[in-house]
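Position 131, counted from 1, in the sequence shown is what numbering that gives the first Met the number 0 calls 130; the numbers after and before it change by one each time, with no gaps.
The next block holds one structure in the form of structure tokens; read it before the comments.
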Amino acid sequence: MLEVDGLVMEYGGFRAVDGCSLTVDEGSITGLIGPNGAGKTTLFNLIAGAFPPSAGRIRYLGDDITALSTDRRFRRGLVRTFQIPHEFHRLSTLENLMMVPPSQAGEGLLANWLAPGKVTRDEKRVRARAEETLEFLELTHVAQERAGNLSGGQKKLLELGRTMMTEAKLVLLDEPAAGVNRTLLRKLEEKIAILNRERGYTFILIEHDMEMIEKLCDPVVCMAEGRVLIEGDFATVRSDPRVLEAYLGETVSGSDEEAGA
Ligand code: ATP
Numbered sequence: 000m001l002e003v004d005g006l007v008m009e010y011g012g013f014r015a016v017d018g019c020s021l022t023v024d025e026g027s028i029t030g031l032i033g034p035n036g037a038g039k040t041t042l043f044n045l046i047a048g049a050f051p052p053s054a055g056r057i058r059y060l061g062d063d064i065t066a067l068s069t070d071r072r073f074r075r076g077l078v079r080t081f082q083i084p085h086e087f088h089r090l091s092t093l094e095n096l097m098m099v100p101p102s103q104a105g106e107g108l109l110a111n112w113l114a115p116g117k118v119t120r121d122e123k124r125v126r127a128r129a130e131e132t133l134e135f136l137e138l139t140h141v142a143q144e145r146a147g148n149l150s151g152g153q154k155k156l157l158e159l160g161r162t163m164m165t166e167a168k169l170v171l172l173d174e175p176a177a178g179v180n181r182t183l184l185r186k187l188e189e190k191i192a193i194l195n196r197e198r199g200y201t202f203i204l205i206e207h208d209m210e211m212i213e214k215l216c217d218p219v220v221c222m223a224e225g226r227v228l229i230e231g232d233f234a235t236v237r238s239d240p241r242v243l244e245a246y247l248g249e250t251v252s253g254s255d256e257e258a259g260a
């Protein structure tokens, strides 16, 4: 589904991503791990199209998308979610979901004036989909709550819900577990697994929570210094001495309290 080939991202001579190559199979949940500064987020940004790479190619569903804008990638179903949930905090949970669809006719004043009937129909359709999404995520009880008042875990579920309002095929999840309490974490894992199994979403997931990686991901890709260090199932990657070394190197430099995870 996705082929990243020799990707490089250079900042003034420093290579945050340094010749990174990997493939992602349709229907998989690929875990992306590695110590702080390994280049995981930069790789995500490149895949999502936030900025062009200094070198290398990205192919998605058979097409070279290296030069495509974020928006065009999004319309092809390549959706990135953010490390920090960015809900509209004054809007309700339901309204946050209803804001998402890019093709919603009610967006334009002109559309409203030209085809008010279509706008009403579209809004009904979008509302129904938003309500179904809330039900799936077990957030119906907070549908009318301001999104800003939701807990960290509920905001992550809402973020997943916004993805579900699009025609997503490949979803890039950046640290979904960060700041989420244990109970909601289990729920988030369950929903990601269902979306993968039953609705065909392919995921790439950056995560420092190794329990989540172990439960959900196969394969697991470990990055270090901008490159793929090793790829395999969780047990193989965990027991590889190079992985331990990459995390220990980080501990020695004193930059990550999670290195022992
Ligand atoms: P973490 O697990 O902490 O999120 P990461 O693996 O996602 O780390 P990146 O955020 O991709 O790592 O950063 C990789 C390296 O590139 C780091 O050394 C970082 O300081 C550097 N870097 C990232 N963005 C920039 C930038 N815009 N300008 C200069 N250096 C950058």
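Where a beta carbon is used, it is the ideal one built from N, C-alpha and C, also for glycine.
Rounded separation between residue i and residue j - CA only
i, j, result
"Leu6", "Ala129", "37 Å"
"Asn180", "His207", "15 Å"
"Thr139", "Ser238", "42 Å"
"Leu90", "Arg185", "26 Å"
"Lys155", "Gln143", "17 Å"
"Ser53", "Ala47", "15 Å"
"Glu131", "Met209", "31 Å"
"Thr29", "Leu1", "11 Å"
"Asp217", "Asp24", "10 Å"
"Glu193", "Arg14", "Residue 193 is actually Ile in this sequence, not Glu. If I take the Cα positions, the gap works out to 37 Å."
"Leu136", "Leu157", "8 Å"
"Met286", "Gly178", "No answer is possible for residue 286: the residues shown for the chain start at 0 and end at 260."
"Leu133", "Thr22", "32 Å"
"Arg198", "Gly18", "33 Å"
"Ser27", "Asn195", "8 Å"
"Asn95", "Glu122", "13 Å"
"Thr92", "Ile229", "40 Å"
"Phe50", "Ala127", "35 Å"
"Val227", "Ser20", "7 Å"
"Asn35", "Thr69", "25 Å"
"Gly61", "Gly248", "38 Å"
"Val141", "Leu77", "28 Å"
"Gly105", "Phe73", "Note that Gly105 has pLDDT 44, beneath the 50 cutoff, so the model's placement of it is unreliable and the number below is only indicative. C-alpha separation (whole angstroms): 20 Å."
"Leu169", "Tyr10", "27 Å"
Assigned exposure category for residue i - 16 Cβ within 10 Å defines buried
i, result
"Gly12", "exposed"
"Ala37", "buried"
"Pro240", "exposed"
"Arg161", "buried"
"Asp173", "buried"
"Gly33", "buried"
"Ile57", "buried"
"Tyr246", "buried"
"Ala66", "exposed"
"Tyr59", "buried"
"Thr235", "exposed"
"Val3", "buried"
Own chain, CB closer than 7 Å to residue i, minus 5 neighbours either side, in chain order
i, result
"Leu31", "Lys39, Ile203, Leu204, Ile205, Val220 and Met222"
"Val16", "Leu6, Val7, Met8, Gly38, Thr41, Leu42, Leu45 and Gly225"
"Lys214", "Glu188"
"Leu243", "none"
"Gly253", "Residue confidence for Gly253 is low, a pLDDT of 46 falling below 50, so the modelled location carries little weight and cannot support an answer."
"Met97", "Val125, Arg126 and Ala129"
"Val263", "Here the chain comprises residues numbered 0 to 260, so residue 263 is not present and cannot be evaluated."
Contact belief for residue i with residue j at Cβ below 8 Å, rounded distance in angstroms
i, j, result
"Arg79", "Leu171", "4 Å"
"Lys190", "Leu159", "6 Å"
"Ala146", "Phe87", "6 Å"
"Tyr200", "Ala176", "In fact, because the Cβ distance is near 18 Å, the residues do not count as touching under 8 Å."
Same chain only: Cβ atoms within 8 Å of residue i, ignoring 5 sequence neighbours per side
i, result
"Ile212", "Gly30, Ile32, Leu204, Glu206, Val219 and Phe233"
"Asp63", "Arg56 and Ile57"
"Gly231", "Pro218, Val219 and Asp239"
Contact set for residue i: own chain, Cβ-Cβ below 6 Å, skip 5 residues either direction
i, result
"Gly152", "Val179, Asn180 and Leu183"
"Arg75", "none"
message: Restricting to runs no shorter than 3 residues, where is the beta strand (DSSP E) found entirely within the stretch 20-102?
response: DSSP runs (the beta strand (DSSP E)) wholly in the stretch 20-102: 28-32, 54-59 and 77-79.
message: Which complete alpha helix (DSSP H) runs does the stretch 185-260 hold, if anything under 4 residues is left out?
response: With a minimum length of 4 residues, the continuous alpha helix (DSSP H) runs that stay inside the stretch 185-260 are 209-215, 233-238 and 240-251.
Continuous beta strand (DSSP E) assignments of at least 3 residues falling wholly in the stretch 152-188: Listed in chain order, the complete beta strand (DSSP E) runs (minimum 3 residues) inside the stretch 152-188 are 169-173.
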